[in-house]
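In what follows, a structure is listed as structure tokens, so that the remarks can point back to it.
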Amino acid sequence: MTDNIKPEHYRTGEIDLYEAFSQIFPHNEYRAGMQMIAMRYIFRDKNDRVEDIGKAIYTLERLKEKEIEHREKKEKAKSNKTLKETFDDIGKAFGGIDFDEWIRNKEDSENIHLLKSLLERGFNYLARDFEGAIWAYKFPPVKTKTVWHENTLVGRVSEKIDDHSFPEVQWSDEEPTKIVDLLATYENGGEN
């Protein structure tokens with residue numbers, strides 16, 4: 064018995080004609096083509112209107128399958144976005160702030176908080192040693208071959224802080240960095 068709704072001439076080769084369309088054309092073009100084919104069947108003036116409606120329904124069912132696949136691919140792609148891509152999308156929606164700027168602002172805010180905390184506890188200087196460690200000092204330290212030494216008779220009055228903080232403080236600096244000056248720079252958005 065012949066299947067007039069899904070005839071053999073549509074299924075020659077490895078895949079059927081509708082599947083080939085979905086692989087050849089971008090989804091929006093595939094959608095338009097399938098809608099056109101279904102409309103052709105609906106508006107065709109043949110003797111067997113029931114058969115033509117069946118062909119239109121079959122065409123739309125195939126389109127529905129591809130619409131579901133397309134939606135799932137989009138949802139998966141959306142969920143696979145990086146934090147930066149997701150934040151950039153949100154930022155565009157709320158006035159254009161980008162991820163890198165947000166991170167910079169967040170880091171600056173954390174650095175401002177740390178600098179204020181150091182000042183409140185009596186620290187006045189920052190210096191980075193030869194190996195990259197950064198230290199806060201209450202009194203101005205003196206630079207030697209590989210480290211900064213406290214120039215005080217009252218004992219140790221320094222504290223190690225996170226080595227990733229304050230990249231502008233370098234071993235190559237000839238003088239220790241004054242915390243108040245660095246704080247002013249951060250509070251002014253990086254400008255002295």
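Its first residue numbered 64, the sequence shown is counted upward by one per residue in the numbering used here. Where a beta carbon is used, it is the ideal one built from N, C-alpha and C, also for glycine.
To which residues of the same chain is residue i closer than 6 Å at the C-beta, ignoring the five residues directly before and after it?
i           : result
residue 125 : 81
residue 222 : 199
residue 209 : 193
residue 36  : Lying outside 64 to 255, the shown extent of the chain, residue 36 is not represented and no answer is given.
residue 182 : 242
Compare the beta carbon distance of residue i and residue j with 8 Å and say whether it is the shorter of the two.
i           : j           : result
residue 197 : residue 243 : no
residue 240 : residue 189 : yes
residue 205 : residue 214 : yes
residue 202 : residue 234 : no
residue 179 : residue 246 : yes
Please check the pair residue i and residue j, which I expect to be a contact at CB under 8 Å, by giving their CB distance rounded to whole angstroms.
i          : j           : result
residue 95 : residue 119 : Rounded, the Cβ-Cβ distance is 15 Å, inconsistent with contact.
Closer than 7 Å by C-beta to residue i: which residues in its own chain qualify, once you throw out the five before and the five after it? Chain order, please.
i           : result
residue 107 : 115
residue 226 : 195, 196, 197
residue 174 : 228, 229, 249
residue 122 : 97, 100, 101, 104
residue 109 : 115
Taking the alpha-carbon of residue i as reference, which of the options has the nearest alpha-carbon?
i           : options            : result
residue 89  : 113, 78, 130, 103  : 130
residue 207 : 237, 180, 178      : 237
residue 93  : 112, 127, 78       : 127
residue 186 : 132, 224, 153, 149 : 224
residue 252 : 141, 140, 117, 172 : 172
residue 86  : 132, 113, 146      : 132
residue 91  : 138, 134, 177, 146 : 134
Tell me, which residues are paired with residue i by DSSP?
i           : result
residue 205 : 212
residue 247 : Answer is none; residue 247 lacks a bridge partner.
residue 85  : DSSP output for residue 85 lists no bridge partner at all.
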